[in-house]
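Novice:
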Amino acid sequence: MVFLILVLYSDQDSKPLPPITHFTPDPKLHKAFYGIDYNPAKSLMPWCGVTLQNVVDDIILMSQLTNRIRLYGMDCAQADLTFQAISALNLNNTMKVVLTVWIDKDPATNQRQYEMLFKVLDTYGTDMVQGISVGNEVLFRGDMALIDLSEIMKNVRATLKTRYNKVIPVFTSDIGNKLDASVAAVSDELFGNLHPYFSGTAVSEAANWTISQYNDVILGNPTSTGLKGAISEVGWPSAPASAVYQTYAVPGIANTQAMIDTFICQANTAGIPYYWFEFKDEPWKNDPSVPVEPFWGIFDKDGNLKIKIPDCIAP
510 MVFLILVLYS DQDSKPLPPI THFTPDPKLH KAFYGIDYNP AKSLMPWCGV
560 TLQNVVDDII LMSQLTNRIR LYGMDCAQAD LTFQAISALN LNNTMKVVLT
610 VWIDKDPATN QRQYEMLFKV LDTYGTDMVQ GISVGNEVLF RGDMALIDLS
660 EIMKNVRATL KTRYNKVIPV FTSDIGNKLD ASVAAVSDEL FGNLHPYFSG
710 TAVSEAANWT ISQYNDVILG NPTSTGLKGA ISEVGWPSAP ASAVYQTYAV
760 PGIANTQAMI DTFICQANTA GIPYYWFEFK DEPWKNDPSV PVEPFWGIFD
810 KDGNLKIKIP DCIAP
C-alpha cells in the first residue's frame with residue numbers, strides 16, 4: 510500500500526504544473542514602447558533551459574510596456590513558449606510577435622530554424638504574427654549572400670500562402686548601411702538595426718541621429734516606396750563606462766535614460782515603428798571585444814527595472 514501511494518504521488522508530481530499567471534500591475538510601468546526586442550534567457554543551443562514560467566514572467570513585464578515583441582530565433586522552443594505564454598495570459602488579441610528564422614553559415618542550423626518556424630505556425634496559427642524576419646544581421650556578418658537569403662524569403666512566403674493562405678510580411682533585419690536598394694527589392698518591409706552608440710554619436714544627439722537614419726535609410730530607400738519600415742533595434746548600453754566608442758558614445762545608466770527620454774516620445778509622436786533593444790540584460794554575451802553587449806536591457810538580468818519609463822503612450 511505504501512508503495513502504491515508513493516507511485517501515485519510520483520506520477521502526479523511529474524505532471525507539469527500550469528504557469529502562475531496572476532500578477533499585480535506595476536505602477537512604474539506603462540505602454541510607452543512601440544515594441545521590444547526579446548531573447549529569452551537560456552534559449553541558446555546547446556544550453557537550452559528556458560521554461561514556460563520563465564517566459565510567462567517575462568511577458569508579464571513586457572505586456573505592461575508594449576503590445577509588440579521581436580524574437581531572434583526558433584531554438585530551445587522560444588517561439589513556442591512565447592505563444593504559450595501569450596495565450597496563458599489571455600493576450601492573444603493584443604500582443605503581436607515578429608518571429609525570426611536565425612540564419613548563419615551552418616546549413617543544418619538554417620534548415621532546423623526553417624522547419625521549426627512552420628511547426629510553430631502549425632500549432633499556434635498566424636494571428637499573433639506581425640512579421641517574419643529571415644535572419645538578423647546576416648549581411649553584416651557575411652554569413653550568406655543576399656541572393657541566397659532572398660531565396661529563403663521566397664520559400665517562406667510561398668509556404669505561408671500554400672499552407673495557411675496567408676500573406677505575412679517577410680524580410681530580413683540588418684544594420685542601416687546594408688539596407689540598400691537590392692535588399693529593399695526582395696523585402697516586404699525594411700527592418701533596420703540603427704544604433705547611435707555604434708556610430709560614435711554622443712547621447713545628446715542620439716535620438717535625432719536615429720530618426721534621421723530612419724528617414725534616410727528606411728523611408729528614403731529608392732526601392733522602398735510603398736514599403737513599410739521599422740527600426741528593428743535601437744537602444745543605449747548602460748555599462749561599462751570605460752567602453753567609450755569613437756570618443757563621444759559613452760555607456761552609462763544616465764545615458765541610457767537620456768536616450769529613452771529623448772527618443773521614445775519623439776518617435777511615438779512621429780509614428781515611427783521601433784523595437785527597443787532590449788528587454789533584459791544578457792550576461793551570457795560576455796565578449797571582451799564588445800564589452801557593452803550584456804548591458805542593453807530595460808531590466809537587469811533579474812528583472813529589476815533599470816530606468817524610468819517615459820511619460821507617453823506608444824501608438
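Here this note's numbering is used: the first residue of the sequence shown is 510, the next is one more, and so on.
Just so it is clear, CB atoms sit at the ideal spot from N, CA and C, and this is done for glycine as well.
(1) Measuring only the C-alpha atoms, how far is G582 from S691?
(2) Among Q573, S552, D566 and M604, which residue has its Cα nearest to the Cα of C585?
(3) Between the beta-carbon of F804 and the beta-carbon of K789, is there less than 8 Å?
(4) Specify the secondary structure class of I677 as computed by DSSP and reduced to three states.
(5) Closer than 8 Å by C-beta to I529: which residues in its own chain qualify, once you throw out the five before and the five after it? Chain order, please.
(6) Should the stretch 712 to 720 be called in touch with the stretch 659 to 669, which here means at least 3 C-beta pairs below 8 Å?
(7) Looking only at DSSP bridge pairs, what is L570 linked to?
(8) With three or more beta-carbon pairs closer than 8 Å as the criterion, would you say the stretch 715 to 724 touches the stretch 756 to 772?
(9) Can the beta-carbon of N548 be found less than 8 Å from the beta-carbon of E791?
(10) Locate the beta strand (DSSP E) running through E742, then write down its first and last residues.
(11) Whole angstroms is fine: what's the gap from I656's alpha carbon to A694's?
(12) Quick one: what's G812 bridged to in DSSP?
(13) Could you have a look at N599 and say whether DSSP puts it in helix, strand or coil?
(14) So, using beta-carbon positions, are Q573 and H531 closer together than 8 Å?
(15) Would you say G544 and Y723 are within 8 Å of each other, going by their C-beta atoms?
(16) Evaluate R672 with the Cβ neighbour count: other Cβ atoms within 10 Å of its Cβ, from every protein chain shown; 16 or more gives buried, anything less gives exposed.
(17) Exposed or buried, which one is N764 when buried takes at least 16 other CB atoms within 10 Å?
(18) Out of A588, T603 and D636, which one is the CA nearest neighbour of K628?
(19) If I'm right that L699 touches G644 with Cβ under 8 Å, what's the distance once you round it to whole angstroms?
(20) Measuring straight from C-alpha to C-alpha, what distance separates N664 and V607?
(21) Can you say whether V743 is buried or exposed, counting buried as having 16 or more other CB atoms within 10 angstroms of its CB?
Specialist: According to the structure shown:
(1) 24 Å
(2) S552
(3) no
(4) coil
(5) Q562 and V565
(6) no
(7) According to DSSP, L570 bridges with nothing at all.
(8) yes
(9) yes
(10) K737 to V743
(11) 11 Å
(12) Bridge partners of G812: none, in fact.
(13) coil
(14) no
(15) no
(16) exposed
(17) buried
(18) A588
(19) About 14 Å; that fails the 8 Å criterion.
(20) 18 Å
(21) buried
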